[in-house]
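Residue numbers (our numbering), protein chains in the order written: chain A, 739 to 1368; chain B, 221 to 566.
All C-beta atoms, glycine included, are put in the ideal place defined by N, C-alpha and C.
Computed from a predicted model, the values in this text were never measured in an experiment.
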Amino acid sequence: MEPMKLQRERQGNLRGGRGWYGAAAEMESEKKKAAMAEDSDVDELLAALGYKVRSSNMADIAQKLEQAEMAMGSSVVANDDALFFQLAADTVHYNPSDISTWVDNILSELNGPPPPPVSSPPPNAPAPLDPQKRHPEALPSDAAQSSITTVELPLPTRRPAQVYDLEPLPAVNVARARGRFAYSSDPQMDVVDPSPRDSKRIKFCSSPPSSSSSTTDAATSTASNLPAVVVDTQEAGICLVHALLACAEAVEQGNLQAADALVKQITVLAASQGGAMRKVAAYFAEALARRIYRPPPLGGVVGCPSFDSVAFDDMLHAHFYESCPYLKFAHFTANQAILEAFAGFRRVHVVDFGMRQGLQWPALLQALALRPGGPPSFRLTGIGPPQPDNSDALQEVGWKLAQFAETIRVDFRYRGFVASSLADLEPSMLLGKNSDDCGGAEKEEPEVVAVNSVLELHRLLARPGALEKVLGTIRAVRPRILTVVEQEANHNGGTFHERFTEALRYYSTMFDSMEGGGKSGGERDQVMSELYLGRQICNVVACEGAERRERHEAVEQWRERLTGAGFESVPIGSNAFKQASMLLALFAGGDGYRVEEKDGSLTLGWHTRPLIAASAWRVAAAAADSRFAR
Amino acid sequence: MAGSNEINANESKMAVPLNTWVLISNFKLAYNMLRRPDGTFDRHLAEFLDRKVSANATPVNGVVSFDVLIDRSHNLLARIYRPAPATAAGSVPLLTDLYQPPSTDPFPVIIFFHGGSFAHSSSNSAIYDSLCRRFVSLCDAVVISVNYRRAPEYKYPCAYDDGWAALNWASAVPWLHNGKESKPRVFLAGDSSGGNIAHHVAVRAAESGIEIAGNILLNSMFGGNHRTESEKRLDGKYFVTIQDRDWYWKAYLPEGADRDHPACNPFGPNGVKLEGLPFTKSLVIVAGLDLVQDWQLAYAEGLKKAGHFVKVVYREQATIGFYLLPNTNHFYEVMDEIKEFIQANL
């Protein structure tokens, strides 16, 4: 790890500016020293096998394992099989790599309150909340009982798709008359005034791509893994990949003649391929060509999104949502974490950093509606980019959701914010006039906040300081949970050639999954999804500097960034894992999709290659805040 | 009963280093929760708890790995491990480099079947990724770790079919061919259920005229209806119980079969005669604290009686899983035995 870090710092210097990156690197090394002192106690041999165990703690863990075994052993011997397995089925597990807390969790289940009688409701039914069990380190298992598809899942023949589709919404006759809706404040369309430097950012393609010092390099601990799933071992396929990689290398070396020749060769080779490889090669070839020739920027140029393409982007995103399970999985997993975080609260507020068409929210609203004791009062703040034609897509989404909420009797309020960048947001905007911040919570029910970011944070890495600003804003809002979904890949580090290689592997696997996976949606969905991915490819390969917004990083890198910014992981449990796996089996048909757990986050991938990661966070030591103690 | 459990824990704790004890006990606790009395298996929880690692085309300690889809219809994956190709140090090997033979000298191709009693683990489980990398470094081998279908969802003979498919696939891959010969030097290897799979695939190979250079069976999984002395003596003492062995056999063997089924008991009353078949040479490694050892030793005897070469390595003080952590003499000395066996039969 160390040598790669030094190399990147040097590169940063060569580009003429240490700036933000330089300062961060110093802070990083201090934190790293502290972490390493702790880390030196970690048993190396077990770490190599995926377990985090401190040597100093080993004997203690051994004792706990013994206790757990004895507790289990005695129940089995006493012929209480059924009881034991009921208990085992009900237990929610978190973060198995941390053996200590994992066993603690089991012990507290085994030694805890008397188990329910065997004829109790099925494990997925919500159990009464026990406030005393809520402790800061782990989400209590009883709160984890409530789930999104409680009603649907036991009946495998019922298609649970309705929790994801917007179709079941009552036919929305979107009336522009504001007075019609049953919520207390008028939906607001606040346009955040861009600061002077931001107005320049609106013109995305006004300057040629440059490797300026203002870009943000990947977090220092790059996942140096380059996982690969190779499906095509035929000669032609290998030659094609070889040509693509050779072309990228030629581009990096500035040998544009050779690169040009290779692009032509690639085009020929690609034409003789079939399926996913042909499409992927075509997109990468086009992106390379753009990088070589750097055409003058136009509105709507692929990979350099301009004003005009926001609606187009949203449309492509919706098709991608339909045609494959990645976004559905992401929404589902994030919603599960939000649901658990909201347990017991009567006023809840979700801030969605990328509102788009609001595909994530009907399912959450539905789950909240089914909560025992009734739904909370729900407020949604949706953030979206400016629309060039001043259309109010952000507003429309709000209307539709309000309609839906009305049919399921959830008290719903909505507020939309237009912002060119998340960095333009201030905490006061998100908390709004209906907030209960700054104390005085005694008379009003406290409002609990969830911040949700699906495929949004990586864009901030294109501008130094932007991510810091946004994380600071999130902290200031004091969310009970922050859900983060990102592409599981490092498309932001190392040399151009390394980035290209990683992206080629990633998108090859992605395209292959769409070819091979059980297809949902129609052919149009697939074509549009491929274009959606193609635009990402173009951005990753052809753009640089502030224009290169598809700066994906792997979950370990996000972990470093978030813990460095004062957040701690809220592990996602085995209940969410199980439900996601079961839903995938129903939806996707094809066996290739895999859910995996890693350090508290869940990933969905194709075969052995994770492609998207969902994780949950909270402000470290927030649990000590009396406002949230219940 | 609690008292006797305590004694058991102390005995096993004295037999292995503490971190090994924690690792294996951790698995034991988890696995106990996954095996349901009605014979079903909590697969989702199993996948949640299993620690997995990605393939890595960047050399780590001189070894690279990548996954291949051998059979699309079954989603049969395998992870291939090989010595890092001789490109510039530190740079990522080109895909084309990965598909070159690792050496002009003869090199072993080890088709590895991971353990897990037919039900647990995968080729991308961390414990097996680590072991396979070790095998590459040990003898400059190419290792193919097969992600075979598991019980109870897939019973006999699925695991054997997948092993057979992998063998046929490997035999046809050009860059696995050694030097002037147009075929690879294949060794079949496996631990626990993987050892059992290696045996049965070797039988099919012998029947079909595919040459296998050697079989390596590590604490392999065999059994029978009869309760052997070692089973009775060691039941519950070193992480494993007769009860859990019975559960796994029931999960793998066909409905209604008993443990004298030839898959479980190849030299038992229903076994296939191996006399006269060109069956390969075997290295059978037995741990002295493994309750299955009598069956493993009987297996070795059976091979001998049928006229086939077998070397038994008996580690008196070793428990199951000793090969998962490089922290005992058992580990290093057994690795040396494996290396010697491979080099002698290359």
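{"Asked": "Short Cβ contact (9 angstroms threshold) for A:T1221 with A:A1352", "Found": "yes"}
{"Asked": "Min CB distance B:K457 to chain A below 9 angstroms", "Found": "no"}
{"Asked": "C-beta atoms of B:L437 and B:Q537 nearer than 9 angstroms", "Found": "no"}
{"Asked": "Closer than 7 angstroms at the beta carbon, the chain A residues around B:W241", "Found": "A800"}
{"Asked": "Beta-carbon gap between A:G788 and B:V273 smaller than 9 angstroms", "Found": "yes"}
{"Asked": "Pairwise C-alpha distance: A:A1354 and B:T552", "Found": "Residue identity check: residue 552 of chain B is Tyr in the sequence provided, not Thr. Going from the Cα of B:Y552 to the Cα of A:A1354 covers about 42 angstroms."}
{"Asked": "Proximal chain A residues relative to B:D382, where beta-carbon distance stays under 8 angstroms", "Found": "The contacting residues do not exist; B:D382 stays about 14 angstroms from chain A at best."}
{"Asked": "Sequence-distant residues of the same chain with beta carbon closer than 7 angstroms to A:P861, five excluded per side", "Found": "Any reading at A:P861 must be qualified, since the residue scores a pLDDT of 42, below 50, and its modelled position is unreliable; the value itself is stated next. Excluding positions up to five away in sequence, the list reads A827, D828."}
{"Asked": "9 angstroms Cβ cutoff, A:Y789 in contact with chain B", "Found": "yes"}
{"Asked": "Presumed contact (8 angstroms Cβ cut-off) between A:L1160 and A:F1091, rounded CB distance", "Found": "6 angstroms"}
{"Asked": "CB contact check: A:P892 to chain B, cutoff 9 angstroms", "Found": "Reliability fails at A:P892, whose pLDDT of 29 lies under 50, so the model's placement of it is uncertain and no value is given."}
{"Asked": "Helix, strand or coil at A:H1087 [DSSP, three-state]", "Found": "strand"}
{"Asked": "Alpha-carbon spacing of A:A1280 relative to A:R1151, whole angstroms", "Found": "41 angstroms"}
{"Asked": "Closer than 8 angstroms: A:L1007 CB and nearest the ligand SAM heavy atom", "Found": "Among the components of this structure there are no ligands whatsoever, and the ligand SAM is therefore not found."}
{"Asked": "Partner residues on chain B for A:K1316, Cβ-Cβ distance less than 8 angstroms", "Found": "H264, L265, F268"}
{"Asked": "Buried versus exposed call for A:P946 [16 or more other C-beta atoms within 10 Å across all chains shown]", "Found": "Legend: pLDDT at A:P946 = 34, less than 50; position of this residue unreliable, value from coordinates given subsequently. Flag for A:P946 reads exposed."}
{"Asked": "Inter-residue Cα distance where the pair is A:M1252 and A:Q1003", "Found": "26 angstroms"}
{"Asked": "Of the listed residues A:R1299, A:F1305, A:L1340, nearest to A:K1316 (C-alpha basis)", "Found": "A:L1340"}
{"Asked": "A:G1092 - DSSP class collapsed to helix/strand/coil", "Found": "coil"}
{"Asked": "Straight-line gap, B:D360 to B:V283 (C-alpha atoms, nearest Å)", "Found": "9 angstroms"}
{"Asked": "A:T1341 - DSSP class collapsed to helix/strand/coil", "Found": "strand"}
{"Asked": "Residue burial classification, A:S944 (beta-carbon count within 10 angstroms, cutoff 16)", "Found": "The pLDDT assigned to A:S944 is 30, lower than 50, so where the model puts this residue is not dependable; a value taken from the coordinates is nonetheless given after this. The residue is exposed, with fewer than 16 neighbouring Cβ atoms inside 10 Å."}
{"Asked": "Buried versus exposed call for B:L408 [16 or more other C-beta atoms within 10 Å across all chains shown]", "Found": "buried"}
{"Asked": "Which residues DSSP lists as bridging A:R1347, in chain order", "Found": "A:W1344"}
{"Asked": "Segment contact flag, the stretch 339–354 of chain B with the stretch 375–395 of chain B, C-beta cutoff 8 angstroms, min 3 pairs", "Found": "no"}
{"Asked": "CB of A:V1187 within 9 angstroms of CB of A:V1088, strictly", "Found": "yes"}
{"Asked": "Outcome for B:V492 when other beta-carbon atoms lying within 10 angstroms are tallied against a minimum of 16", "Found": "exposed"}
{"Asked": "Alpha carbon of B:L243 to alpha carbon of B:R465, nearest angstrom", "Found": "19 angstroms"}
{"Asked": "Burial state of A:S879, where buried means 16 or more other Cβ atoms lie within 10 Å", "Found": "With a pLDDT of 38 at A:S879, under the threshold of 50, the modelled position of this residue cannot be trusted, and the question is left open."}
{"Asked": "Three-state class that DSSP yields for B:A298 in the structure shown", "Found": "strand"}
{"Asked": "Spatial distance of A:A986 from A:L1193 (CA atoms)", "Found": "26 angstroms"}
{"Asked": "Residue burial classification, B:F381 (beta-carbon count within 10 angstroms, cutoff 16)", "Found": "At residue 381 of chain B the sequence reads Asp, which differs from the Phe that was named. Its Cβ being crowded by 16 or more others within 10 Å, B:D381 is buried."}
{"Asked": "Cross-chain neighbours of A:P834 in chain B, by beta carbon under 9 angstroms", "Found": "N246, A250, F268, L269, D270, R271"}
{"Asked": "Cutoff 6 angstroms; reference B:G488; Cβ partners in own chain excluding five residues on either side", "Found": "G444, D480"}
{"Asked": "Short CB-CB distance (under 9 angstroms) between A:F823 and chain B", "Found": "yes"}
{"Asked": "Bridge-paired residues (DSSP) for A:F1116", "Found": "A:V1086, A:F1150"}
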